[in-house]
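Numbering-wise, the sequence shown is residues 240 to 384 according to our numbering.
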Amino acid sequence: MTRFAVISLAILMLVVPGQAFSQEPIANRFTMEKTESGFVRMDTLTGEMSICREQSGQLVCKLAADERRAFEEALSDLSARVAALEQRLDADAPAALDIPDDAELDRALGVMKKMMRGFFGMAEDLRKEFDLDSNHPAEPLPDRT
């Protein structure tokens with residue numbers, strides 16, 4: 240899905256000039272010249288030329304051969320760059336997580352047991368120090384609300 244999004248964005252950047260987003264349309268930007276087989280449309284801002292023909296009551300324009308070749312070269316270059324980036328990402332991907340073996344798990348459990356014994360030992364010492372046992376419940380804390 241990510242590859243599709245990157246390629247789509249690259250194509251969109253080639254097809255839609257960036258200036259179209261930042262400026263209002265320029266009056267008389269395109270000029271049309273009648274030819275034997277249709278029209279030639281020239282973008283006076285960029286110099287791009289398109290060949291236009293009437294089909295089913297609509298004017299359909301296609302990039303001229305020079306622009307088409309430049310477009311395909313740019314698309315090919317971007318595709319190669321995307322492929323190189325994907326290859327680099329695949330190479331830099333972290334390896335699968337190593338699952339600890341039984342010896343490592345036993346060692347970790349031993350450390351946890353030692354910590355818990357120490358904690359409960361401290362709790363038992365505090366209980367003895369304050370003489371708290373189950374036969375004599377501690378006095379409730381006063382309500383300070």
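Glycine residues also receive a C-beta, built at the ideal position from the N, C-alpha and C atoms. Note that the structure is a prediction, hence the values are computed from the model and not measured.
Residue i to residue j span [Cα, whole Å]
i: arginine 268; j: threonine 283; result: 5 Å
i: arginine 346; j: aspartate 340; result: 10 Å
i: glutamine 326; j: alanine 332; result: 10 Å
i: proline 381; j: lysine 352; result: 37 Å
i: glycine 286; j: leucine 314; result: 20 Å
i: serine 276; j: leucine 328; result: 49 Å
i: methionine 354; j: phenylalanine 369; result: 23 Å
i: leucine 336; j: leucine 365; result: 42 Å
i: leucine 317; j: alanine 330; result: 20 Å
i: glutamate 293; j: cysteine 300; result: 9 Å
i: lysine 273; j: serine 295; result: 18 Å
i: valine 321; j: glutamate 312; result: 14 Å
i: valine 350; j: isoleucine 338; result: 18 Å
i: phenylalanine 359; j: arginine 383; result: 30 Å
i: glutamate 363; j: leucine 344; result: 28 Å
i: arginine 356; j: leucine 348; result: 12 Å
Continuous alpha helix (DSSP H) stretch holding residue i: start and end
i: aspartate 345; result: 341-368
Check whether residue i and residue j have beta carbons under 8 Å apart
i: methionine 288; j: alanine 266; result: no
i: arginine 280; j: cysteine 291; result: yes
Run of the beta strand (DSSP E) containing residue i, from where it starts to where it stops
i: serine 289; result: 288-294
i: threonine 270; result: 269-273
i: arginine 280; result: 278-282
i: leucine 336; result: Looking at the DSSP string, leucine 336 is not in any beta strand (DSSP E), and its letter there is neither H nor E.
Own chain partners of residue i with C-beta closer than 6 Å, once the 5 adjacent residues on each side are dropped
i: leucine 298; result: Cys291
i: methionine 271; result: Phe278 and Arg280
Spatial neighbours of residue i in its chain, beta-carbon cut-off 8 Å, leaving aside the 5 residues before and after
i: alanine 323; result: none
One or two residues paired with residue i in a DSSP bridge
i: leucine 302; result: Ser289
i: glutamine 326; result: BP columns for glutamine 326 are empty, so no partner.
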